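Participant: Quick one: structure below, then a few questions.
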Amino acid sequence: MSLAHRAGPGAATTAADVLTGVLADALTAPGGTFTLRAALDGRVDPVRALGALRASGADVLLPFLVAGHPLTPGDAALVRAAVTAFPAPAPGAPEGAAWALRDAALTRALAVLGVPTHDWEGLATHRLTALTETTSLPDPAAWTAWGAEAARLSTLASPPVTGTCRTRFREHAPTLTRGLVHAILRHDHLAAARIARWLALDAAGAPDPLLPAALTHLAALGPHPPRTLFELAVARRLLGGAG
Amino acid sequence: MDTTTTVRLAHRVAGNALTRLSEARADLVLPRGVPDEDIPPDAVHALAALIPAPAAVLRSPATGPGAARTAQELMDFAWHEFRDGDLLHQLQRDTPAATHPVEIYSQFAAVGYRHAGLDDLAAHLHGLRAARVTEHAPHRRLAVLAATRRLGLPDPPDAAELTGRTWLGSTPEPWMLDRAGARALARTVLHLTDRAARPDELPPRLRDYLERWLPVWTEVFADTESWDLVAELLAAGMCLPAPRFPQATWQRLADAQLPDGTVTTGPPGATGPTTCPHPDLHPTTVAVVAGTLTVLRALGTVTDRTPA
């Protein structure tokens, strides 16, 4: 399953869709004031909103990291409430490693935004070492698996999040580009957008010329569901555009 | 990736497919006792579609004696059906603007079958201004160019420009490849390199493009079980200066091959009703070509070979 967790049916799906739509808008719309609290207030059941925030991990902070919106104390408190309400499972749980990666990314992003988390309850333990783990990464020669893993780990494709995953995906960018093209040809636009996000993250002003063209192409193939729109907006922001 | 295993798979697929083609000869006999103009074009096309397989086998020095014998018998059969070239000559006389008689004939000529009358007529037609303006798709212009080269005719003045007009020559966004584009691309590569005989004829720009994207396209068409296109792209891959030998793809193609050696265009029943009398002839033929070229390139040599 994705690090961003697949939403379940019913209202939980609605909450996840509303949140990703809100985040995509915040990444796309120029200027204006954005807060998570104001954007979600009245649109989603408060408890389900906390669940959606928790499931989105560090992604909820991207409007503040890459789109220039200031993180308010109220929004930081909202994220903390989500972590407290939906704590990570014990380290030995089946998805313990995925939780550790997600919470390591969340912690790193909050630190960059000036929010210490040392006294937060509910975060996965051993989070500081999680980003150095590479056991889940396949051999880059297996480019289809490499692309699939990059898509699965797209929540980690965030400017403040460093570690072995990021290093290896950057080192093997041409392999990722194959995965991007493969996903587009298979009409898996969500996976394509997630892989594009990794490619945009460390393009450093000199992206593969195919990347902006691919993002434009994917956008033109819409309408897309909220999650795909969000990933596309992140990729465009990371590439230096306005989402 | 284990090249030895890949070569074994390719050899097995090609051998089984060649056997199947040999068994299909009875279905490909042209009508007897009818005027040439009444021979159905589909029958001519089906018989012609067979030829690249034995032609590839006969050109390969890596061919074993059993396969060489089968291929020789197939070529002799087809040449006999075309009345030792007389029928192709007549078809060309009847429709001078058509290119398919010379294209078919050139594959025989490449392995030593010649028809003096058709050679003369082909040379004449090749010199006409009309030969430069045939309303073909760009990759088809390359097919005609490859055919006239096999006959030893000079290149037309615009030969160097033909590649740039093809889908491959424009190196488009790789996600825009569709089935027709894949077929055109694979054939462009085969024509440019004379079916792997001259890999260095492939411009470096196209070589780099193919090395980067062929694995992706092959995977996509394998996922949709489009075995005709998988075989075409595998054959194109063997025309690169430094070919790769994709074991997993060959394994999937081998698994898809029917027990009698047939390689189908798609999964069973996927193509639906068809008016084509031999819908699997083409993919089975391409499987022979791809497998033969794979074995050949693994051994690292390509030479011409004429029948005894």
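In order, the protein sequence lines correspond to chains E and A.
Going by this note's numbering, the first sequence opens with residue 1, and the numbers climb by one from there.
Going by this note's numbering, the second sequence opens with residue 1001, and the numbers climb by one from there.
Backbone N, C-alpha and C fix where the C-beta goes; we use that ideal spot for every residue, glycine too.
Predicted model, so just to flag it, every value in this text is computed and none were measured.
#1: Tell me, please, whether the segment 40 to 53 of chain E touches the segment 16 to 30 of chain E by the rule of three or more beta-carbon pairs shorter than 8 Å.
#2: Decide if the segment 1246 to 1254 of chain A is in contact with the segment 213 to 223 of chain E; the criterion is three or more beta carbon pairs, one per stretch, under 8 Å apart.
#3: In three-state DSSP terms, what is G241/E?
#4: Check for me: the alpha helix (DSSP H) holding S1022/A runs from which residue to which?
#5: I believe L1028/A touches P1054/A by the beta-carbon criterion, under 8 Å. Please report the beta-carbon distance rounded to the nearest angstrom.
#6: Which of the three DSSP states is assigned to W1250/A in this structure?
#7: Applying the criterion that 16 or more other CB atoms from any shown protein chain within 10 Å of the CB defines a buried residue, is L156/E buried or exposed?
#8: Under DSSP, the alpha helix (DSSP H) around T84/E begins and ends at which residues?
#9: So, with DSSP's three-state summary, where would you put Q1257/A?
#10: What are the residues of the segment 193 to 224 of chain E that lie near chain A, defined by any Cβ-Cβ distance shorter than 8 Å?
#11: Does the segment 1200 to 1219 of chain A come close enough to the segment 1165 to 1174 of chain A to have 3 or more Cβ pairs within less than 8 Å?
#12: Would you kindly work out how many angstroms separate the C-alpha atoms of P225/E and L238/E, rounded to a whole number?
#13: Specify the secondary structure class of T228/E as computed by DSSP and reduced to three states.
#14: What are the residues in the segment 1174 to 1193 of chain A lying within 8 Å of chain E by C-beta distance?
#15: Rounded to whole angstroms, what is the Cα-Cα separation between P1259/A and R1012/A?
#16: For V181/E, which residues in chain A fall below 8 Å Cβ to Cβ?
#17: Which runs of the alpha helix (DSSP H), 4 residues or longer, sit entirely within the segment 1121 to 1161 of chain A?
#18: Kindly confirm or deny that the segment 195 to 214 of chain E and the segment 160 to 179 of chain E touch, where touching means at least three C-beta pairs closer than 8 Å.
#19: Using the three-state DSSP reduction, which class does Y1113/A fall into: helix, strand or coil?
#20: Please check if any C-beta of chain A sits within less than 9 Å of the C-beta of L185/E.
#21: Excluding sequence positions up to five away, which residues of its chain have a Cβ less than 7 Å from the Cβ of H1089/A?
#22: Since E1225/A meets chain E, which of its residues come closer than 8 Å, beta carbon to beta carbon?
#23: At a cut-off of 8 Å, is H69/E close to the ligand NAD when judged by its beta-carbon and the heavy atoms of the ligand?
#24: The alpha helix (DSSP H) spanning F1077/A covers which residue range?
#25: Could you compute how far the alpha carbon of G1064/A sits from the alpha carbon of A1109/A?
#26: Please report the Cβ distance between V161/E and A109/E, rounded to the nearest whole angstrom; I am assuming they are in contact, meaning their Cβ atoms lie under 8 Å.
#27: From A111/E to V83/E, what does the alpha carbon distance come to, in whole angstroms?
#28: Spatial neighbours of G8/E within its chain, please: CB distance less than 7 Å, with the 5 preceding and 5 following residues excluded, ordered by chain position.
#29: For a quick check, are the C-beta atoms of R227/E and L180/E less than 9 Å apart?
#30: In terms of alpha-carbon separation, which member of A183/E, P30/E, L40/E, G240/E lies closest to A204/E?
#31: Quick one: is M1176/A buried, meaning 16 or more other Cβ sit within 10 Å of its Cβ, or exposed?
#32: For a contact meaning CB atoms closer than 8 Å, what does V1220/A contact in chain E?
#33: Does R1093/A pass the burial test, meaning 16 or more other C-beta atoms within 10 Å, or should it be called exposed?
#34: What three-state label does DSSP hand P9/E in the structure shown?
#35: Is the Cβ of P174/E closer than 9 Å to any Cβ of chain A?
#36: On the three-pair Cβ rule with 8 Å, is the segment 1148 to 1165 of chain A touching the segment 1179 to 1187 of chain A?
Facilitator: In brief:
#1: Yes, the segment 40 to 53 of chain E touches the segment 16 to 30 of chain E.
#2: These segments do not touch.
#3: Coil, per DSSP.
#4: 1003 to 1023 is the span of the alpha helix (DSSP H), which, as asked, contains S1022/A.
#5: Not a contact, Cβ separation roughly 12 Å.
#6: W1250/A: helix per DSSP, three-state reduction.
#7: Counting the other CB atoms within 10 Å of its CB gives L156/E a total of 16 or more, which places it among the buried residues.
#8: It spans 73 to 85 - the alpha helix (DSSP H) in which T84/E sits, taken as one unbroken run.
#9: Coil.
#10: The residues in question are L210, A213, A214, H217.
#11: A contact exists between the segment 1200 to 1219 of chain A and the segment 1165 to 1174 of chain A.
#12: Rounded to whole angstroms, P225/E to L238/E spans 20 Å at the Cα level.
#13: T228/E carries a helical assignment under DSSP once its states are collapsed to helix, strand and coil.
#14: Residues passing the 8 Å Cβ filter: P1174, W1175, L1177.
#15: Inter-residue distance for P1259/A and R1012/A is about 12 Å (C-alpha atoms, whole angstroms).
#16: Simply P1174, W1175, W1213, V1216.
#17: The qualifying runs are 1138 to 1150.
#18: Here the segment 195 to 214 of chain E lies against the segment 160 to 179 of chain E, with 3 or more beta-carbon pairs under 8 Å apart.
#19: Note: Y1113/A maps to coil in three-state DSSP.
#20: Yes, L185/E counts as interfacial toward chain A.
#21: Closer than 7 Å at the Cβ level, and outside the excluded window around H1089/A, lie H1115, G1117, L1118, L1121.
#22: The premise fails here: E1225/A is roughly 14 Å from chain E at the closest Cβ pair, so nothing lies under 8 Å.
#23: Only the bare structure without any ligand can be found here, which leaves the ligand NAD out of the picture.
#24: Its alpha helix (DSSP H) spans residues 1065 to 1081.
#25: Spanning the two alpha carbons is a distance of roughly 22 Å.
#26: Here V161/E really is in contact with A109/E; their C-beta atoms are around 7 Å apart, less than 8 Å.
#27: A111/E and V83/E have their C-alpha atoms some 15 Å from each other.
#28: Note that G8/E has pLDDT 42, beneath the 50 cutoff, so the model's placement of it is unreliable and the number below is only indicative. There are no such residues.
#29: Cβ distance not < 9 Å, so R227/E and L180/E don't count as in contact.
#30: Closest option to A204/E, Cα to Cα, is G240/E.
#31: Per the 10 Å Cβ criterion, exposed.
#32: Near V1220/A (Cβ distances below 8 Å), the residues of chain E are H182, L185, R186.
#33: Label assigned to R1093/A: exposed.
#34: Confidence at P9/E is low in this model, with a pLDDT of 40, below 50, so its placement is unreliable and the value that follows should be read with caution. DSSP, read as helix, strand or coil, puts P9/E in coil.
#35: Contacts with chain A at 9 Å (Cβ-Cβ) include P174/E.
#36: At 8 Å Cβ cutoff, the stretches do not touch.
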